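Student: Residue numbers (the UniProt record's numbering): 1 to 354.
Dumping the structure here so I can ask a few things about it.
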Amino acid sequence: MNGDTTSSGVVPHTDAAARRLAARLSLGVGLLLIVAVVSIMILVGPPPLAYQYVPLALSVVVLGLPHGAVDHLVLPRARDDPVTPGSLAFVGGLYLLVGSAYAAVWFLAPVVAFVLFILVTLVHWGQGDVYALLALVRADYLETRASRLLALVVRGGLPMLVPLVAFPAQYAFVAETLVGLFDPDAAAALEPAFSSSVRVAVAVGFGSLIVLVTGLGFVRTSDGNRGPWIVDTAETIGLVAYFAIVPPILAIGLYFCFWHSLRHVLRTMLVDAVAGAALERGAIGAASRRFARDAAPLTAGGLLVLAGIGLSVPRTPATIPDVLALYLVTIAVLTLPHVVVVTLLDREQRLWSP
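Next up, the structure:
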């Protein structure tokens, strides 16, 4: 079931019908997320803080935590290799070693761990959108490694940097809650990051980068093939508005589930011969059930990691923000080895080989 090599250099596993369906799903849900949530915020206003945590809480079982729970399967499937004890041991060892090392950083230097979490998430979420731009949107103007790297920084920076500029108090609250689980006094070291001077510098610098990358994309496209650039630009502008208007706890929870995780789940389906065949015939339910079955064991494993960290933190989580902070720390610990797996998948699919 290997597909043709696209002009963007990415080698999809399934045929064009499955890729088109994946593109419609990811782009359609993304557009709906931006338009619907931004409209509600403008017309009705944000819900109470306690309700803003609901999407993040639901991500434990809805797309969020499960989206990385098939890491033990994606590389063999992308290579058309069988899943072997050796391949399972590689991913298991990766999670054990890298995840444990990062968990230790949270206990020893929580401020460093938080900053690393932001940087790793920026890279990883940008990584996911670069794949979508190349394989689903077919953004051929991202023709060099440099252009793809710039796109990664822009797309990954939108959920990490725009809320810092627009909602510094909530951003600081989340940072202090995460760090405070390990060392309440250490959170004071993060205060300069939320100062007006830093936020102005981020707004000017990151805003200039968005304009530069968008302009370079326009220059590199031909007059008759601007469709992908229009989609890319519309998503970028839409996400700027989304993260500037929607409070960050709510915005990140929804984005994590219905933008980043959904796109990665579709990517894993496209390298799975059985799920890919289901997408080819439009059987979204069958493909989703197969993914859910494959992801269930390691999703449960992620919950065990959550329990283990919860029993180990110096300060017992006592409030909803504390519990969700504990969940975010768990996501951080699981994300770092997940990024390694996705980077290897990028290499298999020649994402960085224009």
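Quick reminder that beta carbons are idealized off the backbone N, C-alpha and C, glycines included.
Keep in mind it's a predicted model, so treat the numbers as computed, not measured.
#1: If the criterion is Cβ atoms closer than 8 angstroms, does the pair P163 and F243 meet it?
#2: Residues in its own chain within less than 6 angstroms of L239 by CB, not counting five upstream and five downstream?
#3: Identify, in the order they occur along the chain, each residue of the same chain with its Cβ nearer than 8 angstroms to the Cβ of Y327, setting aside the five sequence neighbours on each side.
#4: Given this structure, state the Cα-to-Cα distance separating R290 from A275, to the nearest angstrom.
#5: By Cβ distance below 7 angstroms, which residues in the same chain neighbour R267 in space, the five residues on each side in sequence not counted?
#6: Taking the alpha-carbon positions, what's the A113 to T144 distance?
#7: Going by CA-CA distance only, name the one from A300, D322, T299 that's closest to G310.
#8: From H264 to A135, what does the alpha carbon distance come to, in whole angstroms?
#9: To the nearest angstrom, how far is the alpha carbon of P168 from that of L43?
#10: Which of helix, strand or coil does DSSP assign to G64?
#11: I need the boundaries of the alpha helix (DSSP H) containing F114, first residue and last residue.
#12: Which one of Y51, L63, V198 has the shortest CA to CA distance from W259?
#13: Please check the pair L344 and L75, which I expect to be a contact at CB under 8 angstroms, by giving their CB distance rounded to whole angstroms.
#14: If you drop the 5 nearest sequence neighbours on each side, which residues of the same chain put their C-beta closer than 6 angstroms to that of residue 358?
#15: E280 lies in the alpha helix (DSSP H); which residues open and close that run?
#16: Output yes if chain D places a C-beta closer than 8 angstroms to the C-beta of A23; else output no.
#17: With H, G and I counted as helix, E and B as strand and the rest as coil, what does DSSP make of E143?
#18: Contact check, L181 vs A325 under 8 angstroms by CB: the rounded distance?
#19: Are the beta-carbon atoms of G72 and V98 separated by less than 8 angstroms?
#20: Can you give me the Cβ contacts of V165 inside the same chain, cut-off strictly under 7 angstroms, excluding the 5 residues immediately before and after it?
#21: With distances taken from CA atoms, which of A193, P82, V35, V246 is nearest P47?
#22: Is the beta carbon of F194 less than 8 angstroms from the beta carbon of A172?
#23: How about Q127 and D346: do their beta carbons lie closer than 8 angstroms?
#24: Spatial neighbours of V340 within its chain, please: C-beta separation below 7 angstroms, excluding the five flanking residues on both sides.
#25: Around the C-beta of L133, are 16 or more other C-beta atoms found within 10 angstroms, so that it is buried, or is it exposed?
#26: The alpha helix (DSSP H) that contains V54, what's its start and end?
#27: Give the secondary structure of D183 by DSSP, where H, G and I count as helix, E and B as strand, and everything else as coil.
#28: Can you tell me where the alpha helix (DSSP H) holding W229 begins and where it ends?
#29: Let me know if G282 comes out buried or exposed under the rule of 16 or more other beta-carbons within 10 Å of its beta-carbon.
#30: Excluding five sequence neighbours on each side, which residues of the same chain lie with their C-beta closer than 8 angstroms to the C-beta of E191?
#31: Using three-state DSSP, classify V74 as helix, strand or coil.
#32: Quick one, are the C-beta atoms of V137 and T236 less than 8 angstroms apart?
#33: Excluding sequence positions up to five away, which residues of its chain have a Cβ less than 8 angstroms from the Cβ of T6?
#34: Is the CB-CB distance between A151 and V213 below 8 angstroms?
#35: Please classify G93: does DSSP put it in a helix, a strand, or coil?
#36: Is the beta carbon of L262 sitting closer than 8 angstroms to the one on A18?
Tutor: Per the coordinate set shown:
#1: As a first step, residue 163 is located in the sequence shown; it is residue number 163 there, counting from the start. As a first step, residue 243 is located in the sequence shown; it is residue number 243 there, counting from the start. Result yes, Cβ atoms of P163 and F243 sit closer than 8 angstroms.
#2: By 1-based counting over the sequence shown, the position of residue 239 is 239. Here the set comprises L158.
#3: Position 327 of the sequence shown, counting from 1, holds the residue named residue 327. Excluding sequence neighbours, Y327 sits near L56, A57, V60, L306.
#4: Along the sequence shown, one-based indexing puts residue 290 at 290. Along the sequence shown, one-based indexing puts residue 275 at 275. The alpha-carbon atoms of R290 and A275 are separated by roughly 7 angstroms.
#5: Within the sequence shown, numbered from 1, the residue matching residue 267 stands at position 267. Within the same chain, R267 has close Cβ partners Y131.
#6: By 1-based counting over the sequence shown, the position of residue 113 is 113. By 1-based counting over the sequence shown, the position of residue 144 is 144. Whole-angstrom Cα-Cα distance: 32 angstroms.
#7: Within the sequence shown, numbered from 1, the residue matching residue 310 stands at position 310. Nearest of A300, D322, T299 to G310, Cα basis: D322.
#8: In the sequence shown, the residue the question calls residue 264 occupies position 264. In the sequence shown, the residue the question calls residue 135 occupies position 135. Near 12 angstroms, if we compare the C-alpha coordinates of A135 and H264.
#9: Residue mapping note: residue 168 aligns to position 168 of the sequence shown, counting from 1. Residue mapping note: residue 43 aligns to position 43 of the sequence shown, counting from 1. Cα to Cα, P168 sits roughly 23 angstroms from L43.
#10: If you number the sequence shown from 1, residue 64 lands on position 64. If DSSP states are grouped into helix, strand and coil, G64 belongs with coil.
#11: As a position in the sequence shown, residue 114 is number 114, starting the count at 1. Residues 110 to 131.
#12: By one-based count along the sequence shown, residue 259 stands at place 259. Nearest C-alpha to W259: L63.
#13: To locate residue 344, count along the sequence shown from 1; it is residue 344. To locate residue 75, count along the sequence shown from 1; it is residue 75. The pair is a contact, with the Cβ atoms about 6 angstroms apart (cut-off 8 angstroms).
#14: A question about residue 358 goes unanswered here, because the residues of the chain that appear run from 1 up to 354.
#15: Here the question's residue 280 lines up with position 280 in the sequence shown. Segment 273 to 280, the alpha helix (DSSP H) holding E280.
#16: Absent here is chain D; the protein component of the structure consists of one chain.
#17: Within the sequence shown, residue 143 is the residue found at index 143, counting from 1. If DSSP states are grouped into helix, strand and coil, E143 belongs with coil.
#18: Locating residue 181 in the sequence shown gives position 181, where the first residue counts as 1. Locating residue 325 in the sequence shown gives position 325, where the first residue counts as 1. Yes, L181 and A325 are in contact; Cβ-Cβ is about 6 angstroms, under 8 angstroms.
#19: For the purposes of this step, residue 72 is taken as the residue at position 72 of the sequence shown. For the purposes of this step, residue 98 is taken as the residue at position 98 of the sequence shown. Contrary to the premise, residue 72 reads as His rather than Gly in this sequence. In this structure, V98 does not lie closer than 8 angstroms to H72 by Cβ.
#20: If you number the sequence shown from 1, residue 165 lands on position 165. Taken in chain order, the residues that qualify are R199, V202, A203.
#21: Working through the sequence shown from its first residue, we reach residue 47 at position 47. Of the candidates A193, P82, V35, V246, the one whose C-alpha sits nearest the C-alpha of P47 is V246.
#22: By one-based count along the sequence shown, residue 194 stands at place 194. By one-based count along the sequence shown, residue 172 stands at place 172. In this structure, A172 lies closer than 8 angstroms to F194 by Cβ.
#23: Along the sequence shown, read from residue 1 onward, the residue named residue 127 stands at position 127. Along the sequence shown, read from residue 1 onward, the residue named residue 346 stands at position 346. Yes, they are a contact pair.
#24: Looking up residue 340 in the sequence shown gives position 340. Result list for V340: L94, V98, in chain order.
#25: In the sequence shown, the residue the question calls residue 133 occupies position 133. The residue is buried, with at least 16 neighbouring Cβ atoms inside 10 Å.
#26: Numbered from 1 along the sequence shown, position 54 holds the residue referred to as residue 54. 54 to 58 is the span of the alpha helix (DSSP H), which, as asked, contains V54.
#27: The sequence position of residue 183 within the sequence shown is 183, counting from 1. Coil, per DSSP.
#28: On the sequence shown, position 229 is the one that residue 229 refers to. W229 -> alpha helix (DSSP H) spans 227 to 245.
#29: Translated into positions along the sequence shown, residue 282 becomes position 282. The residue in question, G282, is exposed, as its Cβ has fewer than 16 Cβ neighbours within 10 Å.
#30: Your numbering for residue 191 matches position 191 in the sequence shown. If we look at E191 and ignore the five residues flanking it on each side, its Cβ neighbours are A172.
#31: Translated into the one-based positions of the sequence shown, residue 74 becomes position 74. In this structure, V74 counts as helix in the three-state DSSP scheme.
#32: Along the sequence shown, one-based indexing puts residue 137 at 137. Along the sequence shown, one-based indexing puts residue 236 at 236. Contact: no.
#33: The count along the sequence shown starts at 1 and reaches residue 6 at position 6. Because the pLDDT at T6 is just 46, under 50, the model does not fix this residue reliably, and the value given afterwards should be weighed accordingly. Answer for T6: P12, L134, A135, R138, listed in chain order.
#34: Here the question's residue 151 lines up with position 151 in the sequence shown. Here the question's residue 213 lines up with position 213 in the sequence shown. Yes, Cβ-Cβ distance for A151 and V213 is below 8 angstroms.
#35: Sequence index remark: in the sequence shown, residue 93 carries index 93 (1-based). Note: G93 maps to helix in three-state DSSP.
#36: If you number the sequence shown from 1, residue 262 lands on position 262. If you number the sequence shown from 1, residue 18 lands on position 18. For L262 and A18, no; Cβs fall outside 8 angstroms.
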